[in-house]
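This report refers to the structure that appears directly beneath it.
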Amino acid sequence: MDEPLPPTQSPMVSTTHLDPYEPPLDFNAVVIVAAMLCALVCALGLNSMLQCVVRCTRRAVTEPVEWAASRHLNSGLKKKDMVALPTSTYATSGSPASTSGCAICLADFLDGDKIRVLPKCNHRFHVGCIDTWLLSHSSCPTCRDRLKSNDSLDIVTAL
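See the structure below:
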């Protein structure tokens, strides 16, 4: 009568690796290596940060007066001192080879540009460029000559 049909065999799906000489990639090993690399990067970053903190703390403890005074001298000019610096209007000197430009914005000076000439070094800059610089720095951006006097540093170190 009706006999049950034998189960049909499905084609075998091969899960073997194609290259018998190359071992299969172990997912767990990849995760472990990636975690170790992340830990190394984090450890190096933490080490750099701690070295910076230790150096700054050491400087503040061993040289508090000089360090504070030098930070104060480089902190920028007051608005009234900055406005007192001389300004002029740029005019071409005649030869195109002698054209100069602003070392901050790197643009050449054009006839009629308002420029500021620093008194000690005679470097010239656009008024807007050098005013922005001098609000946060007290030195020439080209030669780093200080515009503030060192009298306040001498007073502090004498204490």
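Counted from 1, the sequence shown has number 18 at position 18 by full-length UniProt numbering; the numbering is strictly sequential.
Ideal Cβ placement from N, Cα and C applies to all residues, glycine included.
Coil, strand or helix - residue i by DSSP
{"i": "ASP131", "result": "helix"}
{"i": "LYS114", "result": "strand"}
{"i": "ASP108", "result": "strand"}
{"i": "residue 160", "result": "The structure shown has nothing for residue 160, since the chain only spans 1 to 159."}
{"i": "THR89", "result": "strand"}
{"i": "ARG58", "result": "helix"}
{"i": "SER139", "result": "strand"}
For residue j and residue i, the rounded distance between their alpha carbons
{"i": "MET49", "j": "VAL41", "result": "12 Å"}
{"i": "PHE109", "j": "LEU147", "result": "23 Å"}
{"i": "SER138", "j": "GLU63", "result": "21 Å"}
{"i": "PRO86", "j": "CYS52", "result": "40 Å"}
{"i": "PRO119", "j": "CYS143", "result": "13 Å"}
{"i": "ALA39", "j": "SER75", "result": "39 Å"}
Heavy atom of the ligand ATP within 8 Å of residue i beta-carbon
{"i": "PHE125", "result": "The ligand ATP is absent from the structure shown, which contains no ligand whatsoever."}
The alpha helix (DSSP H) enclosing residue i, as first and last residue numbers
{"i": "LYS79", "result": "79 to 83"}
Boundaries (first-last residue) of the beta strand (DSSP E) holding residue i
{"i": "ARG124", "result": "124 to 126"}
Supposed contact pair residue j and residue i - C-beta distance, whole angstroms, cut 8 Å
{"i": "ILE115", "j": "SER88", "result": "6 Å"}
Evaluate contact between the stretch 73 to 91 and the stretch 54 to 64, counting only Cβ atoms and requiring at least three cross-stretch pairs below 8 Å. no
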